[in-house]
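Participant: Take a look at this one; I'll ask things after.
In the working numbering, the protein residues as written are 1 to 200.
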């Protein structure tokens with residue numbers, strides 16, 4: 001009540017801007033022919049590299065996208081980027097794809113953003129998938145997390161690795177004890193626990 005009037009004034013002033021941002025975002029990034037979002041847009045138009053960046057607007061509490069677009073975007077991400085050790089940074093169908101993290105420092109740096117699998121990206125993926133698919137996704141989410149426990153003695157004893165090869169068998173690389181990977185996996189476990197509790 002104390003801030004009610006000010007809040008109402010703020011809402012009436014900025015609601016139109018919010019709606020305009022949403023409209024422009026969707027018109028700019030959505031590609032109906034591909035059923036997903038452009039990776040970025042510049043003077044040459046939409047860049048249609050299939051990357052996990054398109055999970056970000058879906059995972060936002062206040063998404064700049066219409067809800068009905070989510071299943072299509074999620075389908076593309078699931079088909080092209082999801083592995084048993086996280087989310088690839090680029091689709092294997094892309095000519096720039098580097099499926100193995102090896103070689104010189106430059107080669108490894110290229111692979112880092114051009115195909116390596118990142119466990120930390122599971123957090124937005126699972127969040128969006130549960131929102132879109134509901135209970136039918138729980139088993140797959142459990143499978144995605146459980147596989148990491150098999151790797152606890154491979155790269156760093158008792159720790160989760162920073163990244164994995166994009167190509168099977170998805171060998172671990174990078175930091176042997178990654179805070180990002182650990183936090184994401186714990187967050188997914190927490191999401192699943194909360195989801196199971198609310199579904200009872």
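Virtual Cβ for every residue (Gly too), placed ideally from N, Cα, C.
(1) Going by the CB atoms, is the gap between residue 62 and residue 135 shorter than 9 Å?
(2) Going by C-alpha to C-alpha distance, which of 100, 198, 117 sits closest to residue 160?
(3) How about residue 115 and residue 103: do their beta carbons lie closer than 9 Å?
(4) Buried or exposed: where does residue 111 fall if 16 or more other Cβ atoms within 10 Å of its Cβ makes it buried?
(5) Does the segment 161-175 come close enough to the segment 83-93 that 3 or more CB-CB pairs lie under 8 Å?
(6) Can you give me the Cβ contacts of residue 184 inside the same chain, cut-off strictly under 8 Å, excluding the 5 residues immediately before and after it?
(7) Write down the C-beta distance between residue 39 and residue 27 rounded to the nearest angstrom, noting that I regard them as a contact closer than 8 Å.
(8) Checking the sheet assignment: what are the DSSP bridge partners for residue 41?
(9) Give the DSSP-derived three-state secondary structure of residue 83 in the structure shown.
(10) Here's the rule I'm using: 16 or more other beta-carbon atoms within 10 Å means buried, otherwise exposed. How should residue 178 be labelled?
(11) So if DSSP puts residue 164 in a beta bridge, which residue, or which two residues, is it bridged to?
(12) Is it the case that the CB of residue 190 approaches a heavy atom of the ligand SAM more closely than 8 Å?
(13) What's the gap between the Cα of residue 93 and the Cα of residue 132?
(14) In whole angstroms, what separates the C-alpha of residue 19 from that of residue 80?
(15) Per DSSP, what kind of secondary structure is residue 88 in: helix, strand or coil?
(16) Along the alpha helix (DSSP H) that carries residue 53, what are the first and last residues, could you check?
(17) Taking buried to mean at least 16 other C-beta atoms within 10 Å of its own C-beta, is residue 91 buried or exposed?
(18) In the DSSP assignment, find the alpha helix (DSSP H) that holds residue 99 and state where it starts and stops.
(19) What's the gap between the Cα of residue 75 and the Cα of residue 23?
(20) With burial defined as no fewer than 16 other Cβ atoms inside 10 Å of the residue's Cβ, what is the status of residue 52: buried or exposed?
Facilitator: Put simply:
(1) To locate residue 135, count along the chain shown from 1; it is residue 135. To locate residue 62, count along the chain shown from 1; it is residue 62. Not closer than 9 Å, so no.
(2) In the chain shown, the residue the question calls residue 160 occupies position 160. Residue 117 is the option with its Cα nearest to residue 160.
(3) By one-based count along the chain shown, residue 115 stands at place 115. By one-based count along the chain shown, residue 103 stands at place 103. Contact flag unset, no.
(4) Stepping through the chain shown from its first residue, residue 111 is reached at position 111. Residue 111 comes out buried.
(5) yes
(6) Locating residue 184 in the chain shown gives position 184, where the first residue counts as 1. Cβ neighbours of residue 184 beyond the five flanking positions: 119, 120, 121, 122, 123.
(7) Your numbering for residue 39 matches position 39 in the chain shown. Your numbering for residue 27 matches position 27 in the chain shown. With a Cβ gap of about 16 Å, residue 39 and residue 27 do not count as contacting.
(8) To locate residue 41, count along the chain shown from 1; it is residue 41. Per DSSP, 46.
(9) Within the chain shown, residue 83 is the residue found at index 83, counting from 1. DSSP, read as helix, strand or coil, puts residue 83 in strand.
(10) On the chain shown, position 178 is the one that residue 178 refers to. Buried: at least 16 other Cβ atoms inside 10 Å.
(11) The count along the chain shown starts at 1 and reaches residue 164 at position 164. Its beta-bridge partners are 117, 172.
(12) In the structure shown, the ligand SAM is absent, as is every other ligand, since no ligand is present at all.
(13) Here residue 93 corresponds to residue number 93 of the chain shown, with the count starting at 1. Here residue 132 corresponds to residue number 132 of the chain shown, with the count starting at 1. Roughly 25 Å between the two C-alpha positions.
(14) Looking up residue 19 in the chain shown gives position 19. Looking up residue 80 in the chain shown gives position 80. If I take the Cα positions, the gap works out to 31 Å.
(15) Working through the chain shown from its first residue, we reach residue 88 at position 88. DSSP places residue 88 in strand when its eight states are reduced to three.
(16) Residue mapping note: residue 53 aligns to position 53 of the chain shown, counting from 1. Segment: none, residue 53 is in no alpha helix (DSSP H) and carries neither H nor E.
(17) Residue mapping note: residue 91 aligns to position 91 of the chain shown, counting from 1. Buried, since its Cβ has 16 or more Cβ neighbours within 10 Å.
(18) Taking the first residue of the chain shown as 1, we reach residue 99 at position 99. Looking at the DSSP string, residue 99 is not in any alpha helix (DSSP H), and its letter there is neither H nor E.
(19) As a working mapping, residue 75 is identified with position 75 in the chain shown. As a working mapping, residue 23 is identified with position 23 in the chain shown. Each residue's Cα considered, the two are about 23 Å apart.
(20) Translated into positions along the chain shown, residue 52 becomes position 52. It is buried - the Cβ of residue 52 has at least 16 other Cβ atoms within 10 Å.
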